[in-house]
Every structure is written in C-alpha cells, then in structure tokens.
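**Q** Once you've had a glance at the structure underneath, I'll fire off some questions.
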Amino acid sequence: MIMSSIQEIQQEIVEEFEMFDDWMQRYEYMIELGKSLPLIDEKYKTDEYIIKGCQSKVWVHADLKDDKIEFTADSDAIITKGIIAILIRSFSGQPPQEILDADTSFIDEIGLKEHLSPTRANGLVSMIKQIKLYAIAYQAKAGN
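First residue of the sequence shown? That's 1 in UniProt numbering, and the numbers climb one at a time after it.
As structure tokens, this is what we get:
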C-alpha cells in the first residue's frame, strides 16, 4: 500500500473541513476525529511526554518503524484531542525528513488558528514543534 504524502493528507483534511458550513459543525467533526486518535500507551502519560505550552494536558509519543515515525497521543480535553488527531493523521507513518520539510499552512487553510483561544493556538504551535522535534531526533539517529 502506498502511503499518501503529507501534502495529500493535509489536502484531504482541508477538503473535509470545507464540507461544513460553520464552526460548530467543524468543532463537532474535530471531536469525532479525536475519538479515532491512535491512543498513547498509558505508560507514556507522564511529564516526559507532555507537551509544554498547552492549556490542557496533551501527551505525544513517537516510535520509528521501518524508517517512518508512528505517533500516538492523548489529551484530557476533547477539542485538543481533535487538534492532535489532525496533526497525527497528517504526520504519522511518514519519514522524519518529510515531517521536517512539511509545511503546516493547511491549519490556516481550515481556519483553525483563528477559531482557537490564544492559549489553544499556542498549544497547537507547541504540538507541531514537538512532532518536528521527534523527527529531528529520529533523523539524527538514522544518520549515525
């Protein structure tokens, strides 16, 4: 099976969000997406895996499998769970270099940032940063 590229997945997400007329529906959709999140193992729900800068608790863990990073996550808030689900859908199963090169403008395209409170928007930035940090770490490991 050929994995979709990050761009293709992001485009799919943009198109899905365009199907909804208003932000209430989009929030509901995000909550639904959060329910399909690949859940982090309980043993990773520690401070070491928590994302700093988030209003709610968000844990992200990454594993390298066949040169691709698999992400799992969880959050104690339903909207935040939806946000991290969107990011994980976009970046999981991708090689570290592609994650590092990926652009995240699709988040602006779906209008997510302007519909989040400032603290949630900061949290979103922190989540992206953490995903990229995992990619840097695995890229460095692969380079050895």
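We put the beta carbon where it would ideally sit given N, CA and C, even for glycine.
Which residue comes first and which comes last in the beta strand (DSSP E) that contains residue 62?
**A** 58–65
**Q** Assuming contact is defined by CB atoms lying nearer than 8 Å, are residue 17 and residue 84 in contact in what I supplied?
**A** no
**Q** Suppose contacts are defined by Cβ-Cβ distances below 8 Å. Is residue 69 in contact with residue 27 by that definition?
**A** no
**Q** Does the distance between the C-beta of residue 120 and the nearest non-hydrogen atom of the ligand FAD fall short of 7 Å?
**A** Ligands displayed in this structure: none; no statement on the ligand FAD is therefore possible.
**Q** Could you name the residues that DSSP lists as bridge partners for residue 124?
**A** Per DSSP, none; premise fails for residue 124.
**Q** Look at the alpha carbon of residue 78 and the alpha carbon of residue 141, and state the distance between them as a whole number of angstroms.
**A** One Cα belongs to residue 78, the other to residue 141, and the distance between them is close to 34 Å.
**Q** CA-CA distance, residue 48 and residue 133?
**A** Rounded to whole angstroms, residue 48 and residue 133 show a C-alpha spacing of 14 Å.
**Q** Between residue 118 and residue 36, what straight-line distance do the alpha-carbon atoms span, to the nearest angstrom?
**A** 26 Å
**Q** Work out the CA separation of residue 92 and residue 104 for me, nearest whole Å.
**A** 14 Å
**Q** Write down the C-beta distance between residue 81 and residue 75 rounded to the nearest angstrom, noting that I regard them as a contact closer than 8 Å.
**A** 4 Å
**Q** So residue 13 and residue 71 are supposed to be a Cβ contact under 8 Å. How far apart are they, rounded?
**A** Rounded, the Cβ-Cβ distance is 15 Å, inconsistent with contact.
**Q** Please go through the same chain and pick out, in chain order, the residues whose beta-carbon is closer than 6 Å to the beta-carbon of residue 99, but skip the five residues on each side of it.
**A** Excluding sequence positions up to five before and after residue 99, its CB lies within less than 6 Å of the CB of 91 and 135, all in the same chain and listed in chain order.
**Q** Taking 8 Å as the threshold (C-beta atoms), are residue 88 and residue 73 in contact?
**A** yes
**Q** Determine the burial state of residue 94: buried for a count of at least 16 other Cβ atoms within 10 Å of its Cβ, exposed for fewer.
**A** buried
**Q** For residue 94, which residues does DSSP report across the bridge?
**A** 69
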